[in-house]
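Here is the structure we will look at.
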Amino acid sequence: VRNERIRAGTRDLAAGQAMTPQELSAALGVGERCGREAVQRGAQLLIAGDMGIANTTAAACLICAFTAASPERVVGRGTGVDDAGLVRKRRVVQGALARAGCEAAPPGGAPAALRILAELGGLEIAAMAGLYLEAARSGVPVLLDGYISGAAALVAVAIEPAARLWMAASHRSAEAGHSIALAALGLEPILDLGLRLGEGTGAALALPIVRAALALHRKMATFSEAGISGAAAEA
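Reading the sequence shown from the start, the letters are residues 284 to 518 in this note's numbering.
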């Protein structure tokens, strides 16, 4: 366990900017350091999980901002809000997008992406984006988790498009907006179990499948290698 506390929680995105530029830089740096240190220790694949209360609201704002999808399509029940709560949540997201000037087309370029992240994101989402960016720089793949992770991945790709090449999707969340994020990233998930837990759980569940696939790729003989007639069928 390491203490990387930046402040006492992310600010209320409905009332104003969620993070100052300094806080955003610090949060990105936390993820970058964690990724760099993991790679230095020999990690060959990275997973980032989140723990947060109400951070599906921040994630929804980011997914809307980076895909131009409407809050009606992106905002879900999160930890299980009722119908009235869902209406309020969508209203909050719509208001935050309007406040930050993010109701039109998705932003282009790293400066715009960083501004949107500071306006609408969260410290943990920024840290995850930082880890994804560092993984791409290091040439190490990342296995994305769920809804929050998908929002962080959109941020990372908006900052550095090449980061997309190092991402794989572990699962599809029960939150409808996650499918929108995955489509924008061009990713197909390994699992679809209706999860809505976060904390890296979906990625942890998919990891054995990734390992099994790699083992098959490395060790399974082709028709030619096994001396089986009709090897042309491999083509």
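Cβ coordinates follow ideal geometry from the N, Cα and C atoms, glycine included.
| Query | Result |
| --- | --- |
| Short Cβ contact (8 angstroms threshold) for Glu-306 with Leu-406 | yes |
| CB contact flag (Leu-403, Ala-351, <8 angstroms) | no |
| Selection from Gly-363, His-454, Tyr-415, Ala-401 that minimises the alpha carbon distance to Ala-435 | Tyr-415 |
| Backbone CA spacing between Ala-387 and Ala-342 [nearest angstrom] | 17 angstroms |
| Own chain, CB closer than 6 angstroms to Lys-413, minus 5 neighbours either side, in chain order | One detail in the question is off: residue 413 reads as Gly in this sequence, not Lys. For Gly-413, where only same-chain residues beyond five positions count, the Cβ hits under 6 angstroms are Leu-311, Gly-314, Glu-315. |
| Rounded Cβ spacing between Ser-421 and Val-322 (contact assumed at less than 8 angstroms) | 5 angstroms |
| Cα-Cα separation, Gln-494 to Leu-478 | Rather than Gln, the amino acid found at residue 494 in this sequence is Arg. Looking at the two C-alpha atoms, the distance is approximately 21 angstroms. |
| According to DSSP, residues forming a beta bridge with Leu-426 | Ala-451 |
| For Gly-477, the first and last residue of its enclosing beta strand (DSSP E) | 474–478 |
| Beta-carbon spacing of Pro-472, Ala-452 below 8 angstroms | yes |
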